[in-house]
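This report concerns only the one structure given below.
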Amino acid sequence: MTGAGSPRSGSGRTPVGQWRLEDAQAHFGEVVRRVRTEGPQLVTAGGRGDVVVVAAEEFRRLAGGATGAALVAALQASPYKDIEIEPERSRLTIRGAEP
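Under my numbering, the first residue of the sequence shown is numbered 34, with each subsequent residue one higher.
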């Protein structure tokens, strides 16, 4: 297993928090544990850093508030917030069910 400075099979050492894809798949529970204790973990495939596994709270912080708070703040800051808008309504025809 690579990660946390463990030797890579046959080729030196891997930096802390870096996993080869195969090792991350085989030891996913360990990857999750290290995310919680050490922080984000880089998973590489073919020598490229393809994904980073992060804790859910860190993801929410980085994603920037999927709560809608930014939209509410933008609407409240609008100079047009006091304008009343009445949506146009059209009547829909109702037809009977066909057998």
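Where a beta carbon is used, it is the ideal one built from N, C-alpha and C, also for glycine.
Extent of the continuous beta strand (DSSP E) run through V85: 81-86
Rounded C-beta distance between V64 and A88? I'm assuming under 8 Å. That belief does not hold up - the Cβ atoms of V64 and A88 are roughly 12 Å apart, past 8 Å.
Paired residues, beta bridge with L125 - DSSP: Answer by DSSP bridge pairing: none, since L125 is not bridged.
How is the beta strand (DSSP E) around A78 delimited, first residue to last? 74-78
CB contact flag (G97, P73, <8 Å): no
For R66, list the residues DSSP reports as bridge partners. Its beta-bridge partners do not exist; DSSP assigns none.
Going along the chain, which residues of its own chain have a beta-carbon closer than 8 Å to the beta-carbon of T77, five neighbours each way excluded? Q51, W52, R53, L54, D83
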